[in-house]
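Take the sequence shown: its letters are residues 44 to 147, numbered as in the working numbering. Cβ atoms here follow ideal geometry from the backbone N, Cα and C, with glycine treated the same way.
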Amino acid sequence: MRKTSHSVINHIPITKARINLGQLARRAHNSGEYFILEKDGIPVIGIMAADEMEDYLELKDPEAQASIARTRKEFASGKGRPAGKLIVELATIAKRAKISKPSK
Numbered sequence: 044m045r046k047t048s049h050s051v052i053n054h055i056p057i058t059k060a061r062i063n064l065g066q067l068a069r070r071a072h073n074s075g076e077y078f079i080l081e082k083d084g085i086p087v088i089g090i091m092a093a094d095e096m097e098d099y100l101e102l103k104d105p106e107a108q109a110s111i112a113r114t115r116k117e118f119a120s121g122k123g124r125p126a127g128k129l130i131v132e133l134a135t136i137a138k139r140a141k142i143s144k145p146s147k
């Protein structure tokens, strides 16, 4: 999905959204826009890209929340490192493992 640099939130009457549902779905999926559908001026439902909604629902899971909290705590205590450094370390380990294997 292509993300915009900032989220666009559109408020639309539900009757207009029903007529333009395909276009709203395409814009939510391709541009990362959000749509708040209103009935009589009252927000009743939202539309967002499915992958983003799955991420949102996952974050509501207590196990995911606990995992995120543990990770933040570990990072704050200095257990984290830049991704580039980790990649170099993993490549070095893989290279050593390849060298130590006897050739057939």
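CA-to-CA distance, residue j to residue i, given in whole angstroms
i: SER110; j: SER120; result: 15 Å
i: ARG139; j: LEU102; result: 38 Å
i: GLY127; j: LEU64; result: 43 Å
i: MET91; j: ILE142; result: 49 Å
i: VAL131; j: GLY123; result: 15 Å
i: ALA60; j: GLY75; result: 17 Å
i: GLU117; j: ASP94; result: 27 Å
i: ASP104; j: ARG115; result: 17 Å
i: SER50; j: GLY89; result: 14 Å
i: ARG24; j: GLN66; result: In the structure displayed, the chain extends from 44 to 147; residue 24 sits before or after that span and is not available.
i: ILE136; j: ASP98; result: 32 Å
Three-state secondary structure assigned by DSSP to residue i
i: ASN73; result: helix
i: GLY84; result: coil
i: MET44; result: With a pLDDT of 39 at MET44, under the threshold of 50, the predicted position of this residue should be treated as unreliable, though the coordinate-derived value follows. The answer is coil: DSSP assigns MET44 none of H, G, I, E or B.
Short Cβ contact (8 Å threshold) for residue i with residue j
i: ALA71; j: TYR77; result: yes
i: HIS54; j: ILE79; result: yes
i: VAL87; j: ILE57; result: yes
Within-8 Å CB hit, residue i to chain B
i: ALA134; result: The structure shown contains no chain B; it holds only a single protein chain.
> Taking the runs of the alpha helix (DSSP H) that are 4 residues or longer, which of them lie wholly in the segment 97 to 132?
Replying inline: 105 to 119
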